[in-house]
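Have a look at the structure below before the remarks.
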Amino acid sequence: MPETPSDVRVVEAGPYGHRVIDHDWPHEARACRNVQKTLTTHVNTVDDLPPVRWLGGVDIGFEDGGNTTRAAAVVLNAQTLEVVDTALARVPTRMPYIPGLLSFREIPGALAALEQLATLPDLILVDGHGIAHPRRLGVATHLGLVTGLPTIGVAKKRLTGSHAEVPDKRGAWVELTDRGETIGAVLRSRVGVKPIFISPGHRIGLASALSFTMSALTRYRLPETTRVADKLASNR
DNA sequence: GCGACAG
DNA sequence: ATCTTGTCGC
């Protein structure tokens, strides 16, 4: 069984009825990295999803020069991409942005926004990486662990890993690898734009992560889930 | 020591 | 992420 120090706890019935990993929220970088190392043992990158009817999106913005975190959570009809629910939450920012520790800065706000949703998403596309992270614990993976919900990381820039050139054709993708592991995919979401980085968050594999992401793409570089959440989080 | 570095 | 207008191009 995985090691679970006192500051990391396994909870069989979390906020949404699923098994979740609860833990304290340190403010110091060293402690955050230690929590990440323990959390890694609980990540599931094998498909374990319900039928996806409601597709969620989460994105975070900031105000007051960063002192206030503005989090947006949205739910779209997975079939029609119609927006069925939205929520906006403002919470005081607790941590600065530190590469590799983004989740400790953004998740508190994300949780506050998710709590306000009337419709619980079956799968959430998060703005940021999933396991495509130095310790395999990007914001999407971390959010999946603490909510118990399936998540996918959709990032606009690379954090770690390397990859071949991506053909300039919509839907083309190449593997993103790091230290001998496949940690995600680099996807050309539309011709003529910079590719996006897709990686499993929690309770999903790379193939399905790519499939669901592509199902939410229309004519833009980013999937509708993150586009809708993004405008909510940035527009005052 | 040097370079890299999600949002 | 955020500070910020117009502008080049399909």
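Residue 1 is where the first sequence starts when you use the UniProt record's numbering, and the numbers rise one by one after that.
All C-beta atoms in this analysis are idealised placements derived from N, C-alpha and C, irrespective of residue type, glycine included.
### Message
For the beta strand (DSSP E) containing N44, name the first residue and the last one.
### Response
By one-based count along the first sequence, residue 44 stands at place 44. Per DSSP, N44 is not a residue of any beta strand (DSSP E), being assigned neither H nor E.
### Query
Mapping DSSP to helix, strand and coil, what is T69?
As a working note, residue 69 is residue 69 in the first sequence. DSSP places T69 in strand when its eight states are reduced to three.
#### Entry: Straight-line gap, D178 to H27 (C-alpha atoms, nearest Å)
Stepping through the first sequence from its first residue, residue 178 is reached at position 178. Stepping through the first sequence from its first residue, residue 27 is reached at position 27. Distance between the alpha carbons of D178 and H27 is about 28 Å.
### Between the CA atoms of V174 and G56 - distance to the nearest angstrom
The count along the first sequence starts at 1 and reaches residue 56 at position 56. The count along the first sequence starts at 1 and reaches residue 174 at position 174. If you draw a straight line from the Cα of G56 to the Cα of V174, it comes to about 25 Å.
### Message
Taking the alpha-carbon of V193 as reference, which of P200, Q36, E165 has the nearest alpha-carbon?
### Response
Translated into the one-based positions of the first sequence, residue 193 becomes position 193. Looking at the Cα atoms, E165 is the closest of the given residues.
### Query
Do you know offhand how far R105's Cα is from S234's?
Locating residue 105 in the first sequence gives position 105, counting from the first residue. Locating residue 234 in the first sequence gives position 234, counting from the first residue. Counting only the Cα atoms, S234 lies some 17 Å from R105.
### Query
I60 and V146 look like a contact to me (Cβ under 8 Å); what is the Cβ gap, rounded to whole Å?
Along the first sequence, one-based indexing puts residue 60 at 60. Along the first sequence, one-based indexing puts residue 146 at 146. Contact doesn't hold; Cβ gap of about 15 Å is too wide.
### Query
CA-CA distance, G171 and R19?
The sequence position of residue 171 within the first sequence is 171, counting from 1. The sequence position of residue 19 within the first sequence is 19, counting from 1. Answer to the nearest angstrom: the Cα atoms are 34 Å apart.
### Query
Roughly how many whole angstroms lie between the Cα atoms of residue 239 and D64?
No information on residue 239 is available, as it lies outside the stretch 1 to 236 that the chain covers here.
#### Entry: Segment limits, alpha helix (DSSP H) that includes T182
Within the first sequence, the letter at position 182 stands for residue 182. Per DSSP, T182 lies in no alpha helix (DSSP H) segment; the continuous beta strand (DSSP E) that holds it begins and ends at 181 to 187.
### Query
Counting Cβ pairs closer than 8 Å, one from the segment 123 to 139 and one from the segment 87 to 97, do we hit at least three?
Counting Cβ pairs under 8 Å, fewer than three are found: no touch.
### Message
In the DSSP assignment, the beta strand (DSSP E) including I124 goes from what residue to what residue?
### Response
To locate residue 124, count along the first sequence from 1; it is residue 124. Secondary structure note for I124: its beta strand (DSSP E) is the uninterrupted segment 123 to 127.
### Message
As a quick exercise: from A110, D48, E181, Q116, pick the residue whose alpha carbon is nearest that of H163.
### Response
For the purposes of this step, residue 163 is identified with residue 163 of the first sequence, where counting begins at 1. Of A110, D48, E181, Q116, the residue nearest in Cα terms is E181.
### Query
Which term fits S103, buried or exposed, when burial requires 16 or more other beta carbons within 10 angstroms of its beta carbon?
Taking the first sequence and counting its residues from 1, one reaches residue 103 at position 103. With 16 or more other Cβ atoms within 10 Å, it is buried.
### Query
Is it buried or exposed for S189, if we count other Cβ within 10 angstroms and need 16 for buried?
Within the first sequence, residue 189 is the residue found at index 189, counting from 1. It is buried - the Cβ of S189 has at least 16 other Cβ atoms within 10 Å.
### Query
Given P195, which residues of its chain have a CB within under 8 Å of its CB, disregarding the five upstream and five downstream residues?
Position 195 of the first sequence holds residue 195. Closer than 8 Å at the Cβ level, and outside the excluded window around P195, lie V166, W173, V186, L187, R188, S189.
### Message
I believe G153 touches G138 by the beta-carbon criterion, under 8 Å. Please report the beta-carbon distance rounded to the nearest angstrom.
### Response
Taking the first residue of the first sequence as 1, we reach residue 153 at position 153. Taking the first residue of the first sequence as 1, we reach residue 138 at position 138. The Cβ separation is near 5 Å, so the contact holds.
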